[in-house]
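Chains as they are written, first to last, in the working numbering: chain A, 2 to 194; chain B, 2 to 194. For glycine and all other residues, C-beta sits at the position ideal for the given N, C-alpha and C. Accompanying notes for the structure given below.
Number of protein chains: 2
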Amino acid sequence: MLRLTREKSDILPLVAEAFRAFGYEGASFSQITKLTGVSKGSLYHVFPGGKEQMAAEILAGINGWFVKNLFEPLETGEPNAALAHMWTEIDRYFHAGGRICLVGAFALDATREHFRAAIHDYFNRWVEALSRCLVRAGAEPLAASAFAEHTVLTIQGGLILARAIHDEAVFSRALRRLSDSAEALLACQTPPH
Amino acid sequence: MLRLTREKSDILPLVAEAFRAFGYEGASFSQITKLTGVSKGSLYHVFPGGKEQMAAEILAGINGWFVKNLFEPLETGEPNAALAHMWTEIDRYFHAGGRICLVGAFALDATREHFRAAIHDYFNRWVEALSRCLVRAGAEPLAASAFAEHTVLTIQGGLILARAIHDEAVFSRALRRLSDSAEALLACQTPPH
DNA sequence: AAGTCTTTGTAGACCGATCGGTTTAGACGC
DNA sequence: GCGTCTAAACCGATCGGTCTACAAAGACTT
């Protein structure tokens, strides 16, 4: 079997960057071609479904990364370790605030209609996984659920504000506040030893 | 002087809704025409600068509304009243989570480059006004600044998450948590009576 | 090993539709 | 009837998407 000179896995991240930079509608084929160095013909060979397939596969890839690196540890690993792991991985994944969340961006524009289910599942699972992790770590279920929602939403907001005022430190500060509040939440809610 | 049959002030909010629904790139003239009931010719008569002018005037209008209804009260009014006023006005303005923040949406996509200054100023002034208000209400400057940033970012994140998982209550809960933490912040930081 | 076939991937010309934007003919209020 | 405003025909450019011509690389035949 002949191998692609450029693997799909090599092209996808570049296309993702195009979507990040210009949005789904704004990322035209000429932009994508320029950014990836791959011609339109090749792109359609790899992604017969066009832009929609590209976006769908990118979302699936992002979701896969989060499931493997964040959600599964949160769901099955040692709670406190998984939590600590999440803070560092999130900071790295979003380049400390310099890289926006494509799922969040898609959630805001018209793209949402096409990928509603994928977007919904991504955020729902994140909140759920985090909430259950906190409960396993000793938090009250209600407080855990609220804090999980608060966390995911803060990360999204931090990325927006950081980009808006062109100050990535906003994101790092938000992340720091989150990990601090998580510790406070668990410290005061764990049953007294 | 002849008056426009439809005033610019009548058209602008409708165009804004088109941008909200489809994004700056995604909102084509045919969409805008359909949504406003105003033909392309008329639109160009009112906005010779095309979409860019529309977006600029919309951003200016949004900014004006926030300055008048939120920032100025925060900056010059009685701090606690201004704060309480902000929570209710924000909830109303964003339709309790059902309406996204256009400035935030523009901050995420390529549009940002065109309107960088407007976006930057909007968010900066919001954070600054809120921070100074909290200081005047008795908060520590550092804590006030952190909380102001936290507030603006939470509102943006709340709008994203609410739209993403199609549950407007997410936004209301976030807003409630904000006003509660604001009270806690001021209660513990005001000098003992 | 040379020559051809087949399969796979690439480049970009090409397509109709639609984009943002302009122009123009005429409707309508003064 | 004059000047303002509207509707829509019209423009070149570019959109997402298709198609074709061909390059590259085994596999098969001899």
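Asked                                                                                                                           : Found
Run of the alpha helix (DSSP H) containing N125 of chain B, from where it starts to where it stops                              : T112 to R137
Contact list for the segment 142-167 of chain A against chain B, Cβ threshold 9 angstroms                                       : A147, E150, H151, V153, L154, T155, I156, Q157, G158, G159, L160, I161, L162, A163, R164, A165, I166 and H167
N-terminal and C-terminal residue of the alpha helix (DSSP H) that K9 of chain B is part of                                     : K9 to G27
C-beta atoms of A106 of chain B and G24 of chain B nearer than 8 angstroms                                                      : yes
Sufficient close CB pairs (3 or more, under 8 angstroms) joining the segment 163-176 of chain A to the segment 92-99 of chain A : yes
Chain A contacts from the segment 15-37 of chain B (Cβ-Cβ distance under 7 angstroms)                                           : A22, F23, G24, E26 and G27
Partners in chain A for V171 of chain B, counting only beta-carbon separations shorter than 8 angstroms                         : E150 and L154
Start and end residues, alpha helix (DSSP H) containing F148 of chain A                                                         : P142 to A165
Chain B contact residues for F124 of chain A, given Cβ-Cβ distances below 8 angstroms                                           : L162, A165 and I166
G139 of chain A to V104 of chain A span [Cα, whole Å]                                                                           : 30 angstroms
C102 of chain A in three-state terms, based on DSSP                                                                             : coil
Members of the segment 79-102 of chain A that neighbour chain B once the beta carbon cut-off is set at 9 angstroms              : I101 and C102
Where W127 of chain A falls, given that 16 or more other Cβ within 10 Å makes a residue buried                                  : buried
Chain-ordered chain B contacts of G105 of chain A [CB-CB under 8 angstroms]                                                     : L109, I161 and A165
Best match in A:F148, A:L162 and A:N64 for proximity to F124 of chain B [C-alpha to C-alpha]                                    : A:L162
Cβ-based burial, D110 of chain A [other Cβ within 10 Å; buried from 16]                                                         : buried
DSSP state of S31 of chain A mapped onto helix, strand, coil                                                                    : helix
Supposed close pair A165 of chain B, A108 of chain A - CB separation, criterion 8 angstroms                                     : 4 angstroms
Any chain A beta carbon closer than 8 angstroms to A175 of chain B                                                              : yes
Backbone CA spacing between G158 of chain B and L143 of chain A [nearest angstrom]                                              : 20 angstroms
Amino acids of chain B, ordered along the chain, whose beta-carbon sits closer than 9 angstroms to that of H121 of chain A      : A165, I166 and H167
Buried versus exposed call for S46 of chain B [16 or more other C-beta atoms within 10 Å across all chains shown]               : Position check: residue 46 of chain B holds His in this sequence, whereas Ser was assumed. Flag for H46 of chain B reads exposed.
Three-pair Cβ contact test at 8 angstroms for the segment 24-35 of chain A versus the segment 13-27 of chain B                  : yes
Residues that R133 of chain B contacts on chain A, provided the C-beta gap is smaller than 7 angstroms                          : Those within 7 angstroms of R133 of chain B in chain A number zero; the least Cβ separation is about 17 angstroms.
Test: R137 of chain B CB closer than 8 angstroms to a CB of chain A                                                             : no
Helix, strand or coil at F95 of chain A according to DSSP, with G and I counted as helix                                        : coil
Burial state of T112 of chain A (16 or more Cβ within 10 Å)                                                                     : buried
CB contact flag (F30 of chain A, A56 of chain A, <8 angstroms)                                                                  : no
Among B:E184, B:G78 and B:E18, nearest to G99 of chain B - alpha-carbon criterion                                               : B:E18
As assigned by DSSP and simplified to three states, the class of S40 of chain B                                                 : coil
Nearest residue (CA-CA) to A147 of chain A, options B:R178, B:V136, B:H167 and B:T37                                            : B:R178
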